[in-house]
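Below is one structure, written out as structure tokens; the observations come after it.
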Amino acid sequence: MAKALIVYATRTGETEKIGNLIAEGIRFSGHEAELLKVTDIKKGEDLKGYDAVILGSPTYHGEMVQGMKTLLFMAEKAELEGKVGGAFGSFGWSGEAPDRIFETMKNIFKMNMVSIPLRLKSANLGGGMKMAQDYGREISEKL
Ligand SMILES: Cc1cc2nc3c(=O)[nH]c(=O)nc-3n(C[C@H](O)[C@H](O)[C@H](O)COP(=O)(O)O)c2cc1C
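Next comes the structure, spelled out in structure tokens:
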């Protein structure tokens with residue numbers, strides 16, 4: 001059984017809901033999934049010891065939230081190369097954050113990324129719940 005870590009930032013709870021559903025999808029596939037807030041990560045080493053790391057942030061003013069930016073700098077020291085990765089986030093209209101996180105994980109950390117970032121307005125709208133669970137399943141297929 002492989003172990004995945006999902007770390008999210010959120011202001012009003014939408015990105016947390018998506019993170020929970022991704023964790024469900026990973027667990028349905030028979031793997032372990034731990035869900036932590038971005039503020040629970042104090043140093044790069046906290047991201048070590050997992051087979052997959054999935055990071056989520058909403059988009060505010062065209063950007064990911066500051067806590068996730070800080071985490072990405074810490075993650076440089078987490079030896080994530082080759083590990084399975086994914087990125088997600090809730091958004092209102094432009095949704096840049098998941099793409100920026102995904103590109104950093106791919107190009108800087110050299111992670112083994114799933115096909116695309118998951119961008120959802122809400123876990124409760126337009127099949128969002130299934131899309132988030134399926135993202136967890138897609139991650140599991142690479143484990
Ligand atoms: C002040 C403010 C600025 C926002 N800026 C953006 C933005 O630039 N692009 C976008 O797609 N959504 C934007 N949003 C919408 C949020 O991303 C959206 O409400 C999202 O669901 C919040 O996720 P959270 O509950 O995880 O914090 C903004 C919302 C607020 C209140």
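Note that full-length UniProt numbering gives residue 130 to position 130 of the sequence shown, counting from 1, and the numbers run on in steps of one.
Ideal Cβ placement from N, Cα and C applies to all residues, glycine included.
Using CA coordinates, which residue listed in the options is at the minimum distance from residue i?
{"i": "Y50", "options": "S57, A78, R27", "result": "A78"}
{"i": "L35", "options": "L80, G56, E45", "result": "G56"}
{"i": "V53", "options": "N124, L71, F28", "result": "L71"}
{"i": "E81", "options": "G62, D134, K106", "result": "K106"}
{"i": "E96", "options": "H61, F73, A123, S122", "result": "H61"}
{"i": "A42", "options": "E14, A33, A23, V7", "result": "Per the sequence shown, the amino acid found at residue 42 is Lys instead of Ala. Closest by alpha carbon: V7."}
{"i": "L47", "options": "E63, D134, F73", "result": "F73"}
{"i": "P117", "options": "P98, E24, K130, E141", "result": "P98"}
{"i": "R100", "options": "K130, E63, D134", "result": "E63"}
What do you get for residue i, buried or exposed, if any count of 16 or more other CB atoms within 10 angstroms of its CB means buried?
{"i": "R11", "result": "exposed"}
{"i": "G128", "result": "buried"}
{"i": "G136", "result": "buried"}
{"i": "L125", "result": "exposed"}
{"i": "F109", "result": "buried"}
{"i": "E45", "result": "exposed"}
{"i": "S94", "result": "exposed"}
{"i": "T104", "result": "buried"}
{"i": "E141", "result": "exposed"}
With DSSP as the reference, identify every bridge partner of residue i, one or two as the case may be.
{"i": "L118", "result": "F88"}
{"i": "A4", "result": "A33, A52"}
{"i": "Y60", "result": "E63"}
{"i": "residue 211", "result": "Residue 211 falls outside the range modelled here, since the chain spans only 1 to 143, and no answer is possible."}
Can you check whether the CB of residue j is closer than 7 Å to the CB of residue i?
{"i": "F91", "j": "R119", "result": "yes"}
{"i": "A2", "j": "H31", "result": "yes"}
{"i": "A9", "j": "I26", "result": "no"}
{"i": "P58", "j": "G89", "result": "yes"}
{"i": "A123", "j": "I22", "result": "no"}
Can you find a CB in chain D that lies within less than 7 Å of the CB of residue i?
{"i": "G44", "result": "Among the protein chains of the structure shown there is no chain D, as only one such chain exists."}
Practice prompt. Mind the definition here: the region 66 to 80 touches the region 12 to 22 only if three or more C-beta pairs lie below 8 Å; say whether that holds.
Written response: no
Worksheet item: Is the region 104 to 116 in contact with the region 84 to 95, if contact means three or more CB pairs nearer than 8 Å?
Response: yes
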